[in-house]
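> The structure that follows is given in the form of structure tokens.
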Amino acid sequence: MNLVLKLIYRADRLVSGSTYWTLRRFTRTGQALLVALLSAAFMGLDTEGSVGYQAFTLLLALLLVAVLSGFRFPSRFTVERGLPRFGTVGQTLRYGIVVQSLSPHPLSGLALLEDLADPRPRFGEWKDYKLDETRHVRPFRLNRRVGPKPFKFATIKEVAVPTLARNQTAEVSVEFTPLRRGIVHFAGVTLARPDPFGLFRALRRLPLSASLLILPRRYGLPPLALPGAMKYQPGGVALATNIGRSDEFVALRDYRRGDPLRHIHWRSWAKTGKPIVKEFADEFFVRHALILDTFTERPHSELFEEAVSVAASFACTLLTQESLLDLLFVGPQAYSFTTGRGLAHADQMLEILASVRPCHAQPFGLLEQLVLNHSSSVTGCICVLLAWDEPRRQLVEKLKLLGLPVLVLVIQPPGETQPLDPGPLRDEPDRLHALEIGRIQEQLARLR
Amino acid sequence: MKPPPLLLGATLLFWGWQSGFLLVGAVLGAVLESARVFRARWEFSDEDFGRVWTFCALLLLASALYAFTANEGPSSFSNFFSDANPRTTTQASSATARTAGSIMRWLPMIFFPFLAAQTFSTREAIPLTIISMIARRRWRRATPAERAAPQAQRNFHIGYPYFAGTLFASSFHPAENTSFFWGLAGLLTWMLWAHRTRRVALGFWVGLVALVLGLGFAGQRGIARLAGYVQEQSPRWLDSFLRRNVDPSHSKTAIGQLGDLKLSGQIVIRLHPKPGSPPPAYLREASYRQFKSPVWFAGNSKDDFETVAEDPPNSGSWSLLPGTSNTTGVTIACYLDGFSTNGSPQGMLPLPTGSGRLENLPAYVLRKSGAGTVVAEGPGLVVFDAFFGPGRTLDSPPATNAATSEDLIVPDSDKAALEGVIAELQISGKPPAEILPAVAGFFASKFTYGTWQRRGRGAGTGSSAITRFLLETRKGHCEYFATATVLLLRQLKIPARYAVGYSVHEPSGDGYVVRLSDAHAWCLVWSEAQQTWIDFDTTPASWVAEEAKNRSPWRWLSDAWSRLTFEFSKFKWGQSKLRQYLLWIMVPGLALLLYQILFRRGRRRQAGKKAEAAIIVHWPGMDSEFYQLEMQLAGHGVPRRPSEPWNEWLERVAEIPALAGLQDPLRALLRLHYRYRFDPPGLSDADRERLKHETQVCLESLNRAKP
Chain A
1 MNLVLKLIYR
11 ADRLVSGSTY
21 WTLRRFTRTG
31 QALLVALLSA
41 AFMGLDTEGS
51 VGYQAFTLLL
61 ALLLVAVLSG
71 FRFPSRFTVE
81 RGLPRFGTVG
91 QTLRYGIVVQ
101 SLSPHPLSGL
111 ALLEDLADPR
121 PRFGEWKDYK
131 LDETRHVRPF
141 RLNRRVGPKP
151 FKFATIKEVA
161 VPTLARNQTA
171 EVSVEFTPLR
181 RGIVHFAGVT
191 LARPDPFGLF
201 RALRRLPLSA
211 SLLILPRRYG
221 LPPLALPGAM
231 KYQPGGVALA
241 TNIGRSDEFV
251 ALRDYRRGDP
261 LRHIHWRSWA
271 KTGKPIVKEF
281 ADEFFVRHAL
291 ILDTFTERPH
301 SELFEEAVSV
311 AASFACTLLT
321 QESLLDLLFV
331 GPQAYSFTTG
341 RGLAHADQML
351 EILASVRPCH
361 AQPFGLLEQL
371 VLNHSSSVTG
381 CICVLLAWDE
391 PRRQLVEKLK
401 LLGLPVLVLV
411 IQPPGETQPL
421 DPGPLRDEPD
431 RLHALEIGRI
441 QEQLARLR
Chain B
449 MKPPPLLLGA
459 TLLFWGWQSG
469 FLLVGAVLGA
479 VLESARVFRA
489 RWEFSDEDFG
499 RVWTFCALLL
509 LASALYAFTA
519 NEGPSSFSNF
529 FSDANPRTTT
539 QASSATARTA
549 GSIMRWLPMI
559 FFPFLAAQTF
569 STREAIPLTI
579 ISMIARRRWR
589 RATPAERAAP
599 QAQRNFHIGY
609 PYFAGTLFAS
619 SFHPAENTSF
629 FWGLAGLLTW
639 MLWAHRTRRV
649 ALGFWVGLVA
659 LVLGLGFAGQ
669 RGIARLAGYV
679 QEQSPRWLDS
689 FLRRNVDPSH
699 SKTAIGQLGD
709 LKLSGQIVIR
719 LHPKPGSPPP
729 AYLREASYRQ
739 FKSPVWFAGN
749 SKDDFETVAE
759 DPPNSGSWSL
769 LPGTSNTTGV
779 TIACYLDGFS
789 TNGSPQGMLP
799 LPTGSGRLEN
809 LPAYVLRKSG
819 AGTVVAEGPG
829 LVVFDAFFGP
839 GRTLDSPPAT
849 NAATSEDLIV
859 PDSDKAALEG
869 VIAELQISGK
879 PPAEILPAVA
889 GFFASKFTYG
899 TWQRRGRGAG
909 TGSSAITRFL
919 LETRKGHCEY
929 FATATVLLLR
939 QLKIPARYAV
949 GYSVHEPSGD
959 GYVVRLSDAH
969 AWCLVWSEAQ
979 QTWIDFDTTP
989 ASWVAEEAKN
999 RSPWRWLSDA
1009 WSRLTFEFSK
1019 FKWGQSKLRQ
1029 YLLWIMVPGL
1039 ALLLYQILFR
1049 RGRRRQAGKK
1059 AEAAIIVHWP
1069 GMDSEFYQLE
1079 MQLAGHGVPR
1089 RPSEPWNEWL
1099 ERVAEIPALA
1109 GLQDPLRALL
1119 RLHYRYRFDP
1129 PGLSDADRER
1139 LKHETQVCLE
1149 SLNRAKP
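Protein sequences appear in the order of chains A and B. Each residue of the first sequence is one higher than the one before, counting from 1 in my numbering. Each residue of the second sequence is one higher than the one before, counting from 449 in my numbering.
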């Protein structure tokens, strides 16, 4: 079985590699002529009934001459890429590449292609994905929805480079559309020059490595009355910059390293001879827990990707309001990140979410433990779940028993029309929302 | 990408020349290129293009149906499905190839309306969603935000795909000379010239083209020679293997084969006796004279074919035996399932013994031989009347010199067995009138019919299959009985021949049907008294019942299919008037579509707008028409840069002299757009209408100011 899979994997690599080579090497006209060549070869089999073989030899000769005359490309260049810090899945970003020609002759008709690091998976990863695909295969339907390709990072359009004289520099703008979150590695830049017929391209590769972090896709959220938002503590001051630094004076205490100088009580210092600082009443801000369910057995689950996107949407939107947000999830271990009100920014939360991976090894109980540990400091929970099964219902039930308001969002595969059983949320069913892949934006827009 | 001027016209002319539609090609080319003279253009919407595309698709479907019926597709495929063997496979694949060839040749005509629509329209490019179902599905599923993205909808120009298709269509003919090669080379060079890289010197480019032409020419010569060589060297047995077992020159029997012989129940002939006429017992296709086990050969009769004249011409009346006036008649429908050297269907006609005249036979050529074989070249299915009677037949009389007569030759290997049988019957030296009943009685009483041949004791001892049949097994099918009878009579110096054809015994409706399993072999005996050949069948009468035992319980299904294909073949081969009607049936459908394209644009557009309104819009103002203006202006060379404020962009637009006049209306529209997009109360109905209307006005003036 493993041997057969290895053979298929090799064939898969070969096909994808040769397709990549063909698409880069041949121009659109060249690709059309390749198709014509194959058709003519098929027709040319019947040399008595059709003159297709004449077309075949002519096209073959044309492509051969094009390939031979288009292979050499001795010109030299320098390139410099100006990448932004982040990109977002599905949103086209543009950046500039400065190309300088070091060739003694003017160069025209050039195209610039970005080289990403080989995105093809290793055998183990590929095998996991394929076996998972066969397990979850759905009946064949003509109009079935094709999910995103798990191993394709981005689509990058090739760009025409203006004519370059000797030592001339030109800046081109590259359109880059990320398709997956995470880090995209750039290996280099390739300059392509077509042959005299405009069919085949000579390529000049220039190594230029860089990387770009792609943040998860985000959905627009309507203004939300989040659970717990109405329990805002009366002692809180919206303009405070740090937790526990309210203007309400409580007591004096000895100076500890890190205390702000403006809190030093000078008179007491003068009296006692040692630094004394003023202590203020602790502040109680709205603090939400954003619980991300990472427990899926599927290595490339679309449900998980959408859950990350929904979590990212909340992370961005909530931070524009005045609250704290704890992101709780389980990866190789249990993680908790707090952002908001000067602790960290949305970017950092998104960076974390950009790198979250599904969790196969840990039990779901670990997340439950993590959440319950945090339950004392939070005022409400937003749970982004991948299913609505018994362990997840129990978690929600325990949170409810602790008196925490909960908003539960369950991501569902496309075409899932069965309404969810509210279970522990039967007293407030409007706190449970099913988000169907493909209609998530629409369903999030209905949240109140 | 748009083809250079005149290229498509020249390509159509080339296609017309190569595929025998010169006039059509010239007319289409002239119509297309007239767009350079006549500047009138039509404003076709996407829906209109969609209808033209549907029209072309219907034309393609109609052409495919026509080509399939005109190229024996139904009969070949029904044969293939009912009895898959190398012959039917070859027939089916060649029918497919011919059908595909016909459709390919017509492609430029079929898709010309679409090309003409684009050429004479104001649109440079058409959305891919019009022709591609996949693109259409994606577009329908896309969210408004995805639709608003640049390049969300891919556009195309039909020019180059049509160019490629036309060249493809031009290649479906045998290579008679190199005109196709040079024509193709010229058109390709023309195309490449239009898209060549400007960085190389003209001389170098021309040199490369010359190199390509040289290599291509040498290559096609090489392939033609290689194909010729392979054809010469290919084993001849392969060719003969693919032919049917019966032809006028020889008949390969199953004599000597072991195991069960299964015959298909497919109906091959239908008969309707004329009122008052009895049905013929046998329909003979051919007779043979020399036996070299297991094959019967026509011997001298092989080459004595003579053409039968149609009298009077084009009347369908053919006289096989001039001077006879038979009144017993039967209508026969049969398939001509072989092919003549010029490619038209050809086959042996199954005729009753003593057929003297054929009426209503739509054959092109009819030939008869001294072996009683009548070969017709004509449509794939023929329905004709045969008039027959006792007496004279087409067969040549036996040679007078008994020593050289082919009708008396007996293989040495079987002589001993035959002498043994003659001794057993004690008929040596008796007159034929006594011999024939004795032989018939001998086979009827001591032999049984069976299609199963076991391995007998004599097998492997060198004795022939006929010897074993006569002395040992005494069981076999009709070929054994007929061959043994012929050889036995010849041993007794009575001239005899081996005849093949069909036995007629199964009534169906008011006529009879003949199946492939009714194929039969019998003996022709020369009657000195009557000076003619008479049918002499020694196969036990039980063979019909034996064959019936093998009948499949699903035969009614295959019979129904056979009837259907028969009726279809009748109309296909012009034996019914249906074919003419079929084309007329399609006319109203096509006319209705044409009417819709030309006159019913308004209503459809309205419906389209309603459907668009039903799409859920998530962000207010995302459906603003102002975005269309942005796309249109991008086409004028002023795309809005990423993150560029609209106002600044409009200033850049105003810098273009041709668009300077639009500055004020665009600013007013932008204000409306902003309000529509971001003002919480939104636009009033009147303002919304104003945004729509004025955007439309701007778009139209932009269209007029196309660069």
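Ideal Cβ placement from N, Cα and C applies to all residues, glycine included. Note that the structure is a prediction, hence the values are computed from the model and not measured.
1) Would you call Thr459/B buried or exposed, if buried means 16 or more other Cβ atoms sit within 10 Å of its Cβ?
2) At a CB distance below 9 Å, what residues from the segment 413-428 of chain A approach chain B? Give them in sequence order.
3) Please identify the residue among Arg646/B, Phe616/B, Asn625/B, Gly662/B whose C-alpha is closest to the C-alpha of Pro106/A.
4) Label Ser526/B either buried or exposed according to how many other C-beta atoms from any shown protein chain fall within 10 Å of its C-beta, with 16 as the threshold for buried.
5) Residues of chain B with CB closer than 9 Å to the CB of Met1/A, please, in chain order.
6) Can you check DSSP and say which residues form a bridge with Gly795/B?
7) Tell me whether the beta-carbon of Lys722/B lies closer than 8 Å to the beta-carbon of Leu768/B.
8) Alpha carbons only, please: which of Leu940/B, Thr915/B, Gln939/B is nearest the one belonging to Tyr928/B?
9) Going by beta carbon distance, what residues of the same chain come within less than 6 Å of Phe459/A, once the five residues before and after it are set aside?
10) By the criterion of Cβ-Cβ separation under 7 Å, what are the contact partners of Arg644/B in chain A?
11) Using a threshold of 8 Å, state whether the C-beta atoms of Glu158/A and Leu112/A are closer than that.
12) Using three-state DSSP, classify Arg571/B as helix, strand or coil.
13) Just the C-alpha distance for Gly90/A and Arg217/A, rounded to the nearest angstrom, thanks.
14) Three or more C-beta pairs closer than 8 Å, one from the segment 571-591 of chain B and one from the segment 536-555 of chain B: is that the case here?
15) Is there a Cβ from chain B that is less than 8 Å from the Cβ of Gly52/A?
16) Considering only the alpha carbon of each residue, which of Pro609/B, Phe616/B, Arg585/B lies closest to Arg601/B?
17) Please determine, among Ser75/A, Asp118/A, Glu125/A, the residue with the shortest C-alpha to C-alpha distance to Leu102/A.
18) Give the list of continuous beta strand (DSSP E) stretches no shorter than 3 residues that lie fully inside the segment 168-198 of chain A.
19) Could you work out which residues of chain D lie near Thr29/A, taking near to mean beta carbons separated by less than 9 Å?
20) Does the Cβ-Cβ distance between Leu372/A and Lys400/A come in under 8 Å?
21) Counting only Cβ-Cβ distances shorter than 8 Å, please list the residues of the segment 619-637 of chain B near chain A, keeping chain order.
22) Can you tell which of Leu45/A, Thr27/A, Phe280/A, Ile291/A has the C-alpha that lies nearest to the C-alpha of Val67/A?
23) So, Arg732/B versus Gly949/B, is the Cβ gap smaller than 8 Å?
24) Which residues of chain A have a Cβ atom closer than 9 Å to the Cβ of Ile579/B, listed in chain order?
25) Considering only residues of the same chain and omitting the five flanking positions on each side of His263/A, which have a CB-CB separation below 7 Å?
26) Exposed or buried, which one is Leu33/A when buried takes at least 16 other CB atoms within 10 Å?
27) Label Phe528/B either buried or exposed according to how many other C-beta atoms from any shown protein chain fall within 10 Å of its C-beta, with 16 as the threshold for buried.
28) Could I get the ranges of all uninterrupted beta strand (DSSP E) runs contained in the segment 933-994 of chain B, with 3 residues as the minimum, in chain order?
29) Starting from Gln1080/B, follow the alpha helix (DSSP H) in both directions and report where the run begins and ends.
30) Does any CB atom of chain A fall closer than 8 Å to the CB of Ala458/B?
31) Within 10 Å of its beta-carbon, does Ala412/B have 16 or more other beta-carbons around it, so buried, or fewer, so exposed?
32) By how many angstroms is the C-alpha of Pro798/B removed from the C-alpha of Glu994/B?
33) Please list, in chain order, the chain B residues whose beta carbon lies closer than 9 Å to that of Gly87/A.
34) Could you work out which residue in Asp195/A, His265/A, Glu297/A, Gly96/A is closest to Phe280/A when comparing CA atoms only?
35) Return the chain-ordered ranges of every beta strand (DSSP E) run that is complete within the segment 819-892 of chain B and spans a minimum of 3 residues.
36) Alpha carbon to alpha carbon, what distance is there between His953/B and Leu1041/B?
Taking the structure as given:
1) Buried, since its Cβ has 16 or more Cβ neighbours within 10 Å.
2) Only those residues of the segment 413-428 of chain A whose C-beta falls short of 9 Å from the nearest C-beta of chain B would be listed, and there are none.
3) Arg646/B
4) buried
5) Going along chain B, no residue has its Cβ under 9 Å from Met1/A, so there is no contact; the nearest lies around 34 Å.
6) Ala824/B
7) no
8) Thr915/B
9) Given a span of 1 to 448 for chain A in the structure shown, any question on residue 459/A remains unanswerable.
10) Pro196, Phe197, Gly198
11) yes
12) coil
13) 7 Å
14) Under the Cβ criterion (8 Å, minimum of three pairs), the segment 571-591 of chain B does not count as touching the segment 536-555 of chain B.
15) yes
16) Before going further, note that residue 601/B is Gln rather than Arg in the sequence given. Of the candidates Pro609/B, Phe616/B, Arg585/B, the one whose C-alpha sits nearest the C-alpha of Gln601/B is Arg585/B.
17) Ser75/A
18) As far as the segment 168-198 of chain A is concerned, its whole beta strand (DSSP E) runs of at least 3 residues are 169-178, 182-194.
19) In the structure shown, chain D does not exist; the protein chains are A and B.
20) Not closer than 8 Å, so no.
21) Ser619, Phe620, His621, Pro622, Ala623, Thr626, Phe628, Phe629, Leu632, Ala633, Leu636
22) Thr27/A
23) The Cβ-Cβ distance between Arg732/B and Gly949/B falls below 8 Å.
24) Per Cβ cutoff of 9 Å: no residues; Ile579/B is ~16 Å from chain A at best.
25) Val277, Lys278
26) buried
27) buried
28) The segment 933-994 of chain B is shown to contain whole beta strand (DSSP E) runs of 3 or more residues at 944-951, 954-956, 959-963, 967-975, 980-984, in chain order.
29) 1074-1083
30) no
31) A query on residue 412/B cannot be resolved here, the shown segment of chain B reaching from 449 to 1155 and no further.
32) 23 Å
33) Going along chain B, no residue has its Cβ under 9 Å from Gly87/A, so there is no contact; the nearest lies around 13 Å.
34) His265/A
35) 822-825, 829-836
36) 53 Å
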